[in-house]
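Just so we're aligned: the sequence shown equals residues 141 to 230 in my numbering.
For each residue, glycine too, the CB sits at the ideal point set by N, CA and C.
Since the structure is predicted, the reported quantities are computational estimates derived from the model, not experimental observations.
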Amino acid sequence: METTHSTVPGSGVLHDCQTRDGQQFRILVARPGKREIFVYDTTEPDRVVARIVLEEDEADQVAELLHSQPITDRIAELERRVAQLAGSER
Numbered sequence: 141m142e143t144t145h146s147t148v149p150g151s152g153v154l155h156d157c158q159t160r161d162g163q164q165f166r167i168l169v170a171r172p173g174k175r176e177i178f179v180y181d182t183t184e185p186d187r188v189v190a191r192i193v194l195e196e197d198e199a200d201q202v203a204e205l206l207h208s209q210p211i212t213d214r215i216a217e218l219e220r221r222v223a224q225l226a227g228s229e230r
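Rendered as structure tokens:
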């Protein structure tokens, strides 16, 4: 995925994203903590077809869902590794 970003004075940082398939969307990281996702039409790239406003905690939840491995799974894996290392030192 290609991404670029720019500062929007008084609003925050705008991240422009384009997927391998050519779909375009933008994420505005506003201050304080609000996020807006803008999805663009595939045939008319300047036309917004959806706008989703997320509060900071909602954005965190979406990020967790999109992450390739949830943080709870990563923590559990680290705990297993630490337990294995601790057991091998005895």
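Alpha carbon to alpha carbon, what distance is there between residue j and residue i?
i      : j      : result
Glu217 : Val202 : 22 Å
Thr182 : His155 : 18 Å
Arg166 : Glu176 : 8 Å
Asp161 : Asp213 : 30 Å
Val193 : Gln209 : 24 Å
Thr310 : Glu219 : Past the edges of the chain, shown from 141 to 230, lies residue 310, and the structure says nothing about it.
Val189 : Ala223 : 49 Å
Tyr180 : Gln164 : 6 Å
Taking 8 Å as the cut-off, decide whether the C-beta atoms of residue i and residue j are in contact.
i      : j      : result
Gly152 : Leu168 : yes
Arg187 : Phe178 : no
Gln158 : Glu184 : no
Gly173 : Glu196 : yes
Under the assumption that residue i contacts residue j (Cβ atoms under 8 Å), give the Cβ distance between them as a whole number of angstroms.
i      : j      : result
Glu204 : Ile211 : 6 Å
Name the DSSP bridge partner or partners of residue i?
i      : result
Thr143 : Cys157
Glu219 : Note: Glu219 sits in no beta bridge, so no partner.
Arg171 : Arg171 pairs with nothing; no bridge assigned.
Leu194 : Arg175
Arg187 : Looking at the DSSP assignment, Arg187 forms no beta bridge with any residue, so it has no partner.
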